[in-house]
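> Let me begin by handing over the structure; questions about it come next.
There are 2 protein chains.
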Amino acid sequence: MLRLYSYFRSSASYRVRIALNLKGLAYETVPVHLVRDGGRQHGPEFRALNPAGQVPVLDDHGQVFTQSLAIVEYLEETHPEPPLLPRDAAGRARVRAIAQSIACDIHPLNNLRVLQYLSRNLHVDEAAKTAWYRYWTEQGLAAVEALLAADLRTGTFCHGDSPTMADLCLVPQVFNARRFDCHLDQLPTVMRINEACLNLPAFAAAAPSRQPDAE
Amino acid sequence: MLRLYSYFRSSASYRVRIALNLKGLAYETVPVHLVRDGGRQHGPEFRALNPAGQVPVLDDHGQVFTQSLAIVEYLEETHPEPPLLPRDAAGRARVRAIAQSIACDIHPLNNLRVLQYLSRNLHVDEAAKTAWYRYWTEQGLAAVEALLAADLRTGTFCHGDSPTMADLCLVPQVFNARRFDCHLDQLPTVMRINEACLNLPAFAAAAPSRQPDAE
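As you go down the protein sequences, you meet chains L and P in turn.
Those letters in the first sequence? Residues 1 to 215, by our numbering.
Those letters in the second sequence? Residues 216 to 430, by our numbering.
Rendered as structure tokens:
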């Protein structure tokens, strides 16, 4: 049995949920509340599973995997159909680069632990924290828009006409951007692809609101 | 001809330089100065190459690739020997997770654009900026240490006895940590592996001080 340690609002968990659904893999959700009790990801039980104290963690019959994109690559290698990466090396590199533009350039700056540091250690007020959030999201998604809009390989989805690893990063990032009222008017390609994804059951079922731990 | 748009002190560029050297691939360095003239990565010429305005960029006979780990995966697929990922899916997932623990959890918080935002937008002083840098580096490397120390698959290098994608992330991160006088005493495994890597010519030749644009 596949077991996913997840938090409904964690966008890294959201990515893996989409991948599992696209692959048609059944899994059990183990909710890890990132706020309650000072954050259950910091407890000794969870730290034994992942010393980094982060979700998602995938347990595949006792083997433990961390880091959302490493988990998605693992699922791709162990369950190749339907593919989440194109066949050609250049296309694969493009899809990974789009995914990493989100996973390395946007999301790490805006996750919970960073926002907490801004408040607690740097005494940044709410308005400046929101400005920080929007700055990195808007700048980062503008770069993604440029990558997508300028390339003929962009199709219904980020790369061609079936969803890839890039799309499963894009949708959770747009979800976060909307939550923080970021400006999304300048992102026609991103938003068009986001809508196309949300029409697929695999994406819809992975949404935060549809998780067992949703609040 | 392979052409690498690089900055001597960029740790993402440093990763790709190590990969190119490990693969024995000759390449031409095109230096992009990230500070001079307000940052040449922001100029229209470079933005046309990479809308995100970031190094490294790899040009492989006119095909352009961005994002360091996507580039390393591309090199792995197009030049499989010597391998930078193990053969088994679980091992590959572990190596990618270690690499991403650095590339997604540490480095994005400490790169130039973020430090500039802290100074310019949040008016954070030098001491608090250094504390920020050290906090994310020390906490992040402690998680990497835990991943390495607790796992029998750790060998001379992060995974077994030949260098992988994990090692080419580890070495530039330790380089940065030293530059900012981070505490490294609690990281015996990380530091042992760092030394083993630096003894290899492929790693040594990729060092910032040995680049054509070194200052």
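In this text, a Cβ means the ideal position worked out from N, Cα and C, and glycines have one as well.
If we cut at 8 Å on Cβ distances, does L/I256 have a partner in chain P?
Nothing can be reported for residue 256 of chain L: it is not among the residues displayed for chain L, which extend from 1 to 215.
> By how many angstroms is the C-alpha of P/F418 removed from the C-alpha of P/Y348?
The residue labelled residue 348 of chain P in the question sits at position 133 within the second sequence. The residue labelled residue 418 of chain P in the question sits at position 203 within the second sequence. Cα to Cα, the separation comes out at about 24 Å.
> Would you mind listing the alpha helix (DSSP H) stretches within the segment 111 to 185 of chain L that are 4+ residues and don't spill past its ends, in chain order?
As far as the segment 111 to 185 of chain L is concerned, its whole alpha helix (DSSP H) runs of at least 4 residues are 112 to 120, 126 to 149, 167 to 179.
> If the cut is a Cβ gap below 9 Å, which residues of chain P does L/S119 touch?
As a working note, residue 119 of chain L is residue 119 in the first sequence. Ordered by position in chain P, no residue passes the 9 Å Cβ test against L/S119, which lies about 12 Å from the chain.
> Quick one: is P/R368 near chain L, going by C-beta distance under 8 Å?
Translated into the one-based positions of the second sequence, residue 368 of chain P becomes position 153. No, no contact with chain L.
> Measuring straight from C-alpha to C-alpha, what distance separates L/Y5 and L/P208?
Working through the first sequence from its first residue, we reach residue 5 of chain L at position 5. Working through the first sequence from its first residue, we reach residue 208 of chain L at position 208. Approximately 14 Å between the Cα atoms of the pair.
> Could you tell me whether the Cβ of L/T66 comes closer than 8 Å to any Cβ of chain C?
The displayed structure is made up of protein chains L and P, and chain C is not among them.
> Please report how far the alpha carbon of P/E343 lies from the alpha carbon of P/Y350, in whole angstroms.
Position 128 of the second sequence, counting from 1, holds the residue named residue 343 of chain P. Position 135 of the second sequence, counting from 1, holds the residue named residue 350 of chain P. Checking the sequence shown, residue 343 of chain P turns out to be Ala, not Glu. Taking the straight line from one Cα to the other gives about 10 Å.
> Would you say L/Q173 reaches chain P, if we count a Cβ-Cβ gap shorter than 8 Å as a contact?
Here residue 173 of chain L refers to the residue found at position 173 when the first sequence is read from its first residue. With 8 Å as the cut-off, L/Q173 does not count as an interface residue toward chain P.
> Pick out whichever of P/A304, P/L327, P/R368, P/L300 has its Cα sitting closest to the Cα of P/A314.
Along the second sequence, one-based indexing puts residue 314 of chain P at 99. Measuring from the Cα of P/A314, the nearest candidate turns out to be P/L300.
> How about P/F280 and L/A97: are their beta carbons less than 8 Å apart?
Locating residue 280 of chain P in the second sequence gives position 65, where the first residue counts as 1. Locating residue 97 of chain L in the first sequence gives position 97, where the first residue counts as 1. A contact, by the Cβ cut-off of 8 Å.
> Would DSSP call P/E260 helix, strand or coil?
Looking up residue 260 of chain P in the second sequence gives position 45. P/E260: helix per DSSP, three-state reduction.
> Suppose only complete runs of 3+ residues qualify. What are the beta strand (DSSP E) ranges in the segment 218 to 263 of chain P, listed by chain order?
Correct list: 242 to 246.
> Relative to the C-alpha of P/N409, which residue among P/R302, P/Q426, P/C384 is closest?
Numbered from 1 along the second sequence, position 194 holds the residue referred to as residue 409 of chain P. If we check each option's Cα against that of P/N409, P/C384 comes out closest.
> Give me the Cβ distance between L/E77 and P/A304, rounded to the nearest whole Å; I'm assuming they're in contact under 8 Å.
Looking up residue 77 of chain L in the first sequence gives position 77. Looking up residue 304 of chain P in the second sequence gives position 89. Going by Cβ atoms, the distance from L/E77 to P/A304 rounds to 4 Å, so yes, they are a contact pair.
> Look up P/F280 in the DSSP assignment and give the residues it is bridged to.
Locating residue 280 of chain P in the second sequence gives position 65, where the first residue counts as 1. For P/F280, which the question treats as bridged, DSSP gives the partners P/L273.
> Can you find a C-beta in chain L that's less than 8 Å from the C-beta of P/Q256?
To locate residue 256 of chain P, count along the second sequence from 1; it is residue 41. Taking Cβ atoms only, chain L never reaches closer than 8 Å to P/Q256, which makes this a no.
> I'd like to know whether the C-beta atoms of P/S316 and P/V359 end up nearer to each other than 8 Å.
Stepping through the second sequence from its first residue, residue 316 of chain P is reached at position 101. Stepping through the second sequence from its first residue, residue 359 of chain P is reached at position 144. Yes.
> Which term fits L/R120, buried or exposed, when burial requires 16 or more other beta carbons within 10 angstroms of its beta carbon?
Here residue 120 of chain L refers to the residue found at position 120 of the first sequence. Looking at its Cβ environment, which holds fewer than 16 other Cβ atoms inside 10 Å, L/R120 is exposed.
> Quick check: is the beta carbon of P/Y222 nearer than 8 Å to any beta carbon in chain L?
Numbered from its first residue, the second sequence carries residue 222 of chain P at position 7. Chain L contact via Cβ: absent.
> For P/L299, name the three-state secondary structure that DSSP assigns.
As a working note, residue 299 of chain P is residue 84 in the second sequence. Coil.
> Using a Cβ cut-off of 8 Å (strictly closer), state whether L/Y74 contacts chain P.
Here residue 74 of chain L corresponds to residue number 74 of the first sequence, with the count starting at 1. Chain P contact via Cβ: present.
> Is there a Cβ from chain P that is less than 8 Å from the Cβ of L/P82?
Mapped onto the first sequence, residue 82 of chain L falls at position 82. No, L/P82 lies away from the interface with chain P (no Cβ there is under 8 Å from its Cβ).
> Might you give, ordered along the chain, the residues of its own chain that have their beta carbon closer than 7 Å to the beta carbon of P/E259, omitting 5 neighbours on each side?
Numbered from 1 along the second sequence, position 44 holds the residue referred to as residue 259 of chain P. Per the sequence shown, the amino acid found at residue 259 of chain P is Pro instead of Glu. No residues qualify anywhere along the chain.
> For a quick check, are the C-beta atoms of L/C158 and P/A318 less than 8 Å apart?
Counted from its first residue, the first sequence places residue 158 of chain L at position 158. Counted from its first residue, the second sequence places residue 318 of chain P at position 103. Contact: no.
> What's the call for P/P266, buried or exposed, on a 16-neighbour Cβ count within 10 Å?
Locating residue 266 of chain P in the second sequence gives position 51, where the first residue counts as 1. When all chains shown are included, P/P266 counts as buried.
> Name the residue from L/I18, L/M1, L/L2 whose alpha carbon lies nearest to the alpha carbon of L/F8.
The count along the first sequence starts at 1 and reaches residue 8 of chain L at position 8. Ranking L/I18, L/M1, L/L2 by Cα distance to L/F8 puts L/I18 first.
> Use the C-beta contact count for L/Q211: other C-beta atoms within 10 angstroms, 16 or more gives buried, fewer gives exposed.
Numbered from its first residue, the first sequence carries residue 211 of chain L at position 211. With 16 or more other Cβ atoms within 10 Å, it is buried.
> Anyone know if the C-beta pair for P/K355 and P/I321 falls short of 8 Å?
By one-based count along the second sequence, residue 355 of chain P stands at place 140. By one-based count along the second sequence, residue 321 of chain P stands at place 106. Per the sequence shown, the amino acid found at residue 355 of chain P is Gly instead of Lys. In contact: P/G355 and P/I321 (Cβ atoms closer than 8 Å).
> Is there a Cβ of chain P sitting closer than 8 Å to that of L/T130, yes or no?
Here residue 130 of chain L refers to the residue found at position 130 when the first sequence is read from its first residue. Chain P contact via Cβ: absent.
> Alpha carbon to alpha carbon, what distance is there between L/T189 and L/T156?
What you label residue 156 of chain L is simply residue 156 of the first sequence in a count that begins at 1. What you label residue 189 of chain L is simply residue 189 of the first sequence in a count that begins at 1. Their Cα atoms are separated by approximately 10 Å.
> Taking 8 Å as the CB-CB cut-off, is P/T404 touching chain L?
For the purposes of this step, residue 404 of chain P is taken as residue 189 along the second sequence, with counting starting at 1. Judged by the 8 Å Cβ criterion, P/T404 is not in contact with chain L.
> When you compare only the Cα positions, how much space is there between P/R218 and P/A241?
By one-based count along the second sequence, residue 218 of chain P stands at place 3. By one-based count along the second sequence, residue 241 of chain P stands at place 26. Taking the straight line joining both Cα atoms gives about 9 Å.
> Show which residues of chain L have a CB atom less than 7 Å away from the CB atom of P/E292.
Along the second sequence, read from residue 1 onward, the residue named residue 292 of chain P stands at position 77. Within chain L, the residues near P/E292 are A89, R92.
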